[in-house]
Amino acid sequence: MHILVTGGAGFIGSHVVDQLIDAGHSVAVVDNLSTGVRDYVNPKASFHELSIGDSGIAEVFQKEKPDAVCHLAAQINVTESVKDPAFDAMTNIIGTINLLEASVRAGVKRFVFSSTGGAIYGSPEKLPADENTKPEPMSPYGTSKLATEEYIKTYSRNHPLTYVILRYSNVFGPRQVPHGECGVCAVLTELMLKGKQPTLYGFGEPVRDYVYVGDVARANVLALDRGRNVTVNISNGRGTTVNEIFDALDKVIGFHQAPLRKPLRAGEVEKIICDNGRAKAELGWEPTVGLLEGLQNTIDHMRG
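One point on numbering: in our numbering, the residue at position 95 of the sequence shown is 879, and numbering is uninterrupted.
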């Protein structure tokens, strides 16, 4: 198949592109390089530098004529979404509507969407959270992702467009941006490798469900052929505290300094673990790379 990947120069998207090409698909990448890295784009993929909200998207679709879309481009920073919810909505909601319009006009048959589990579920009482858990997003980011899911379903009801929505837990691994509030594993790894004191928000106690980027990319590849109009969690299914991440990195890196601990930031949840049973049933997917192996890969990548 010919697949158009938005955000294909980014952390997760570039891994998706690599695995799609390895699986024998041809790939076109759309990325505005606001956070993506041009060198991460597989040389076998065609590349279009523009935003998903640009009017030029329709022209790209008409030129590439993709069979399917893997949509990963997004504003993903929770804190920034709190500061500027309008920009978050413009990127995540309006940008996706632009893609859906272009997809329908170009005859795209499959739409695979990268969504979020933790930011949509909030802090549910029952864990692990499955896909039937009541959405209670605590940030504009989570709300925009949830709204986008509903737009995708609406387009699917009205057009011959099938979808798979992948709700990721906390993705980590090589190529993750090691700054800002996104990606605690990458942030801690970079700071500790440089001998700088990291800050653990929520006093290091928040529990997250960490899933390796290679496993997430594989879920995207599987979703092109398996599952029909379904929403699935892509997660490890186990909870790990930020303190535990710090301790694991400390043992490998040999940091041997105490971190700074501060309260949680606005919009962040205290504890989230996502059930991945439906992904196994619908896609035949399950995680294969454990936390320690994934952290070692992340360290090796940053060390170069």
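Backbone N, C-alpha and C fix where the C-beta goes; we use that ideal spot for every residue, glycine too.
Ends of the alpha helix (DSSP H) at residue i?
{"i": "residue 954", "result": "Run containing residue 954: none in the alpha helix (DSSP H); it sits in the beta strand (DSSP E), 954 to 956."}
{"i": "residue 810", "result": "No alpha helix (DSSP H) holds residue 810; the beta strand (DSSP E) holding it covers 810 to 814."}
{"i": "residue 745", "result": "This structure does not reach residue 745, given that the chain is present from 785 up to 1088, and the question cannot be answered."}
{"i": "residue 961", "result": "Premise fails: residue 961 is in no alpha helix (DSSP H) and is neither H nor E."}
{"i": "residue 805", "result": "795 to 806"}
Taking the alpha carbon of residue i as the reference point, which residue from the options has its own alpha carbon closest?
{"i": "residue 957", "options": "813, 785, 817, 1077", "result": "1077"}
{"i": "residue 1049", "options": "865, 1069, 1075, 950", "result": "865"}
{"i": "residue 1086", "options": "803, 991, 970, 915", "result": "970"}
{"i": "residue 894", "options": "1001, 1009, 870, 954", "result": "1009"}
{"i": "residue 840", "options": "940, 886, 826", "result": "886"}
{"i": "residue 907", "options": "1064, 1051, 1070", "result": "1051"}
{"i": "residue 1069", "options": "1043, 996, 1046, 1080", "result": "996"}
{"i": "residue 938", "options": "821, 1062, 1013", "result": "1013"}
{"i": "residue 945", "options": "1011, 920, 981", "result": "1011"}
{"i": "residue 1031", "options": "819, 982, 928, 827", "result": "982"}
Our contact map puts residue i next to residue j with C-beta atoms below 8 Å; I'd like the distance itself, whole angstroms only.
{"i": "residue 1057", "j": "residue 913", "result": "7 Å"}
{"i": "residue 904", "j": "residue 883", "result": "Between residue 883 and residue 904 the Cβ distance is about 20 Å, and since that is not below 8 Å, they are no contact."}
{"i": "residue 1054", "j": "residue 986", "result": "6 Å"}
{"i": "residue 851", "j": "residue 833", "result": "Not quite, the Cβ-Cβ distance comes to about 22 Å (not below 8 Å), so this is no contact."}
{"i": "residue 902", "j": "residue 954", "result": "7 Å"}
{"i": "residue 821", "j": "residue 787", "result": "Actually they are not in contact, since the Cβ atoms of residue 821 and residue 787 sit about 20 Å apart, beyond 8 Å."}
{"i": "residue 792", "j": "residue 829", "result": "7 Å"}
{"i": "residue 1005", "j": "residue 804", "result": "6 Å"}
{"i": "residue 952", "j": "residue 900", "result": "6 Å"}
Might you give, ordered along the chain, the residues of its own chain that have their beta carbon closer than 8 Å to the beta carbon of residue i, omitting 5 neighbours on each side?
{"i": "residue 1083", "result": "973, 977, 1033, 1036, 1037"}
{"i": "residue 837", "result": "874, 875, 878, 879, 882"}
{"i": "residue 911", "result": "1023, 1055, 1056, 1057"}
{"i": "residue 853", "result": "787, 788, 789, 790, 883, 887, 892, 894, 895, 896"}
By DSSP, does residue i sit in helix, in strand, or in coil?
{"i": "residue 943", "result": "coil"}
{"i": "residue 899", "result": "strand"}
{"i": "residue 852", "result": "strand"}
{"i": "residue 828", "result": "coil"}
{"i": "residue 892", "result": "coil"}
{"i": "residue 1037", "result": "helix"}
Going along the chain, which residues of its own chain have a beta-carbon closer than 7 Å to the beta-carbon of residue i, five neighbours each way excluded?
{"i": "residue 967", "result": "956, 960, 961"}
Hey, could you find the ends of the beta strand (DSSP E) residue i is sitting in?
{"i": "residue 1018", "result": "1014 to 1018"}
{"i": "residue 1044", "result": "1044 to 1046"}
{"i": "residue 817", "result": "Where residue 817 is concerned, there is no enclosing beta strand (DSSP E), given that its DSSP letter is neither H nor E."}
{"i": "residue 790", "result": "786 to 790"}
Using a Cβ-Cβ cut-off of 8 Å, state whether residue i counts as contacting chain D.
{"i": "residue 804", "result": "Note that chain D does not occur in the displayed structure, where there is just one protein chain."}
Take residue i and list the residues in its own chain whose beta-carbon comes closer than 6 Å to its own, dropping the five residues that flank it on each side.
{"i": "residue 1015", "result": "915, 949"}
{"i": "residue 991", "result": "1023, 1025, 1055"}
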